[in-house]
Amino acid sequence: MKRPKLKKASKRMTCHKRYKIQKKVREHHRKLRKEAKKWGRKKPRKDPGVPNSAPFKEDLLREAELRKQRLEELKQQQKLDRQKEQEKKRKLEINPGVEPSNMEPVKEESGQCKTKLGKQNPKKLYCQELKKVIEASDVVLEVLDARDPLGCRCPQVEEAIVQGGQKKLVLVLNKSDLVPKENLENWLNYLKKELPTVVFRASTNLKDKRKIIKMRRKTPLKSEVCIGKEGLWKLLGGFQETYGKAIQVGVIGFPNVGKSSIINSLKQEQICNVGVSMGLTRNMQVVPLSKHITIIDSPSFIVSPLNSPTALALRSPASIEVLKPVEAASAILSQADTRQVILKFTVPDFKNSLEFFTLLAQRRGLHQKGGSPNVDGAAKLLWSEWTGGSLGYYCHPPTFWTLSPHFNENTVTDMKWGFNLEELEKNNAHSIQTIRGPRLACSILFQSSGLTNGIIEERDIPELPKQKENKQEEGEDYEDIDSDQDSVDEDDGEKSLDMSSANETCDALLDESQADEQCAQSYVLDGMSKEEDDAYDFSTDYV
Numbered sequence: 001m002k003r004p005k006l007k008k009a010s011k012r013m014t015c016h017k018r019y020k021i022q023k024k025v026r027e028h029h030r031k032l033r034k035e036a037k038k039w040g041r042k043k044p045r046k047d048p049g050v051p052n053s054a055p056f057k058e059d060l061l062r063e064a065e066l067r068k069q070r071l072e073e074l075k076q077q078q079k080l081d082r083q084k085e086q087e088k089k090r091k092l093e094i095n096p097g098v099e100p101s102n103m104e105p106v107k108e109e110s111g112q113c114k115t116k117l118g119k120q121n122p123k124k125l126y127c128q129e130l131k132k133v134i135e136a137s138d139v140v141l142e143v144l145d146a147r148d149p150l151g152c153r154c155p156q157v158e159e160a161i162v163q164g165g166q167k168k169l170v171l172v173l174n175k176s177d178l179v180p181k182e183n184l185e186n187w188l189n190y191l192k193k194e195l196p197t198v199v200f201r202a203s204t205n206l207k208d209k210r211k212i213i214k215m216r217r218k219t220p221l222k223s224e225v226c227i228g229k230e231g232l233w234k235l236l237g238g239f240q241e242t243y244g245k246a247i248q249v250g251v252i253g254f255p256n257v258g259k260s261s262i263i264n265s266l267k268q269e270q271i272c273n274v275g276v277s278m279g280l281t282r283n284m285q286v287v288p289l290s291k292h293i294t295i296i297d298s299p300s301f302i303v304s305p306l307n308s309p310t311a312l313a314l315r316s317p318a319s320i321e322v323l324k325p326v327e328a329a330s331a332i333l334s335q336a337d338t339r340q341v342i343l344k345f346t347v348p349d350f351k352n353s354l355e356f357f358t359l360l361a362q363r364r365g366l367h368q369k370g371g372s373p374n375v376d377g378a379a380k381l382l383w384s385e386w387t388g389g390s391l392g393y394y395c396h397p398p399t400f401w402t403l404s405p406h407f408n409e410n411t412v413t414d415m416k417w418g419f420n421l422e423e424l425e426k427n428n429a430h431s432i433q434t435i436r437g438p439r440l441a442c443s444i445l446f447q448s449s450g451l452t453n454g455i456i457e458e459r460d461i462p463e464l465p466k467q468k469e470n471k472q473e474e475g476e477d478y479e480d481i482d483s484d485q486d487s488v489d490e491d492d493g494e495k496s497l498d499m500s501s502a503n504e505t506c507d508a509l510l511d512e513s514q515a516d517e518q519c520a521q522s523y524v525l526d527g528m529s530k531e532e533d534d535a536y537d538f539s540t541d542y543v
């Protein structure tokens with residue numbers, strides 16, 4: 001009801017109406033409480049935070065703050081990059097004929113050229129990090145897969161270690177529980193003639209000590225047991241005593257041989273990132289083991305494309321992407337014993353690799369839309385099991401021992417100096433006895449392709465065909481622009497010639513930087529699209 005001399009209507013109401021509203025509100029709240037009890041608590045719970053009784057509380061809070069700061073910095077950097085891209089697009093839209101030929105971006109790139117190239121070329125970064133590890137190390141541990149020890153050795157890296165001066169090279173036979181004991185003893189007798197060799201089995205199920213563990217098992221799992229740790233500790237400790245000062249130990253090897261797992265086993269803590277996928281370690285990581293021994297983790301070797309298809313499929317993390325999955329898995333299958341493969345995967349007899357993949361897909365339930373067997377999925381499955389740490393296969397060592405071409409008798413004696421080889425033999429014998437390896441009938445015989453060639457120098461890294469095409473196209477475009485500018489400036493004197501030469505040098509610098517950025521972007525985009533396609537294929541297969 002509106003009063004005549006006032007603007008607002010009165011909020012007065014009868015008591016009956018007010019009490020009725022209050023009653024309705026109470027009923028509504030009661031109904032909401034019943035639903036909350038029925039469906040559970042809907043209010044978001046507050047973060048209780050780290051309890052005061054938790055160990056390393058201050059470290060955890062500090063790490064959380066640092067993580068928040070990094071995320072904020074990343075967001076700000078991404079925002080700035082977006083703004084810069086939008087400004088460039090606006091400038092191009094306003095005057096599309098003008099090209100960015102100012103001197104200011106050239107000055108900025110001259111100072112930041114090295115950092116950009118390092119971020120954009122992962123293979124070159126791997127080479128740089130590997131060289132740093134070799135130069136900083138007094139003892140280098142080359143980790144070999146016991147299933148194919150000869151295929152895990154890289155002659156180029158071993159030659160670089162020999163030429164590096166007074167450095168010791170030790171071979172570590174990891175994953176020794178996946179081969180029969182007889183085969184492991186034969187390989188140990190073959191390799192120890194040339195270099196000191198340690199039998200090892202890394203523990204793959206370590207937990208972070210910083211995390212709170214409520215219940216502890218009395219009996220550890222098989223994957224938590226480490227074999228050969230004492231022998232390696234004694235070997236390094238004895239060499240440190242004879243050396244007379246603190247030593248640094250570098251761990252090197254091909255992808256997925258267990259470099260980071262060995263460091264975690266020696267430290268008894270998960271410090272380095274480990275996983276099934278190849279190439280997880282991308283930078284050198286320094287881990288102190290004791291007061292006098294420091295161990296350094298390194299990225300994997302880069303496989304040369306001149307190797308055999310089998311070596312590329314086993315040792316290269318990008319083999320399943322560069323090659324087709326069926327081709328990579330067929331190269332592996334061609335070197336394996338057919339009868340033992342049939343028994344291991346429980347498939348009927350097959351004539352070729354394509355028939356094997358169809359039978360394996362039917363056996364494992366890998367089907368495409370429409371019910372047809374997924375051959376690519378079966379090939380990826382075989383490749384992942386063969387390069388992983390679960391499938392047992394073995395290779396026979398060569399019948400006659402010959403010294404490697406990059407070694408001589410003097411280098412062999414120098415490499416063995418300072419180590420207690422008698423104690424090492426006892427520890428290896430003890431570790432072989434404790435290992436529960438598979439029987440010869442249960443494992444697959446594999447024919448090794450010999451030493452695997454690697455790349456150390458950055459200039460030897462081959463460029464992708466897409467990178468070459470982009471560089472050629474950009475070079476042709478800029479040559480046309482330079483020719484147009486020269487034709488316009490023909491009538492000028494010596495000053496104009498000097499300015500044109502300066503502009504050409506600036507344009508060349510810009511061409512190189514832009515070509516490298518485009519190549520890196522195309523390389524990253526291609527890799528991401530393939531990973532997403534692989535994930536989609538596996539999800540559809542198992543559905």
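Going by full-length UniProt numbering, the sequence shown opens with residue 1, and the numbers climb by one from there. Glycine residues also receive a C-beta, built at the ideal position from the N, C-alpha and C atoms. Please read all numbers here as calculations on a predicted model, not as lab measurements.
What residue range does the alpha helix (DSSP H) around residue i cover?
{"i": "residue 413", "result": "409-416"}
{"i": "residue 157", "result": "155-163"}
{"i": "residue 457", "result": "Residue 457 -> no alpha helix (DSSP H), and no H or E assigned at all."}
{"i": "residue 191", "result": "181-191"}
Tell me the rounded alpha-carbon separation between residue i and residue j.
{"i": "residue 8", "j": "residue 33", "result": "37 Å"}
{"i": "residue 286", "j": "residue 228", "result": "22 Å"}
{"i": "residue 524", "j": "residue 174", "result": "Note that residue 524 has pLDDT 34, beneath the 50 cutoff, so the model's placement of it is unreliable and no number is given."}
{"i": "residue 242", "j": "residue 415", "result": "14 Å"}
{"i": "residue 342", "j": "residue 136", "result": "47 Å"}
{"i": "residue 54", "j": "residue 260", "result": "28 Å"}
{"i": "residue 133", "j": "residue 250", "result": "6 Å"}
{"i": "residue 311", "j": "residue 394", "result": "15 Å"}
{"i": "residue 428", "j": "residue 199", "result": "6 Å"}
{"i": "residue 60", "j": "residue 264", "result": "21 Å"}
{"i": "residue 389", "j": "residue 143", "result": "14 Å"}
{"i": "residue 252", "j": "residue 151", "result": "14 Å"}
State buried or exposed for residue i, treating a residue as buried only when at least 16 other CB atoms are found within 10 Å of its CB.
{"i": "residue 315", "result": "buried"}
{"i": "residue 283", "result": "exposed"}
{"i": "residue 332", "result": "buried"}
{"i": "residue 77", "result": "exposed"}
{"i": "residue 111", "result": "Residue placement at residue 111 cannot be trusted, given a pLDDT of 42 that sits under 50; what the coordinates show is reported in the next sentence. So residue 111 counts as exposed."}
{"i": "residue 149", "result": "buried"}
{"i": "residue 400", "result": "exposed"}
{"i": "residue 441", "result": "exposed"}
{"i": "residue 126", "result": "buried"}
{"i": "residue 194", "result": "buried"}
{"i": "residue 25", "result": "exposed"}
{"i": "residue 328", "result": "buried"}
Report the three-state DSSP secondary structure of residue i (helix, strand or coil).
{"i": "residue 69", "result": "helix"}
{"i": "residue 47", "result": "coil"}
{"i": "residue 20", "result": "helix"}
{"i": "residue 173", "result": "strand"}
{"i": "residue 197", "result": "strand"}
{"i": "residue 281", "result": "coil"}
{"i": "residue 375", "result": "helix"}
{"i": "residue 64", "result": "helix"}
{"i": "residue 133", "result": "helix"}
{"i": "residue 326", "result": "helix"}
{"i": "residue 94", "result": "helix"}
{"i": "residue 484", "result": "Its pLDDT being 47, under 50, residue 484 is placed unreliably in this model, and the value from its coordinates should be taken loosely. Looking at residue 484 - three-state DSSP - the assignment turns out to be helix."}
{"i": "residue 150", "result": "helix"}
{"i": "residue 8", "result": "coil"}
{"i": "residue 287", "result": "strand"}
{"i": "residue 84", "result": "helix"}
{"i": "residue 34", "result": "helix"}
{"i": "residue 75", "result": "helix"}
{"i": "residue 168", "result": "strand"}
Within the continuous beta strand (DSSP E) that includes residue i, where are the two ends?
{"i": "residue 235", "result": "Per DSSP, residue 235 belongs to no beta strand (DSSP E); it is in the alpha helix (DSSP H), 229-243."}
{"i": "residue 306", "result": "Element bounds for residue 306: n/a, residue is neither H nor E."}
{"i": "residue 247", "result": "247-252"}
{"i": "residue 141", "result": "139-145"}
{"i": "residue 263", "result": "Per DSSP, residue 263 belongs to no beta strand (DSSP E); it is in the alpha helix (DSSP H), 259-267."}
{"i": "residue 271", "result": "First-last for residue 271: undefined, no H or E at that position."}
{"i": "residue 337", "result": "It is not in any beta strand (DSSP E) - residue 337 carries neither H nor E in the DSSP assignment."}
{"i": "residue 294", "result": "293-297"}
Problem set entry | alpha helix (DSSP H) runs wholly inside the stretch 377-447, at least 4 long, in chain order | 409-416, 421-434
Problem set entry | Segments of 4+ residues assigned as alpha helix (DSSP H) that fall wholly inside the stretch 341-371 | 353-364
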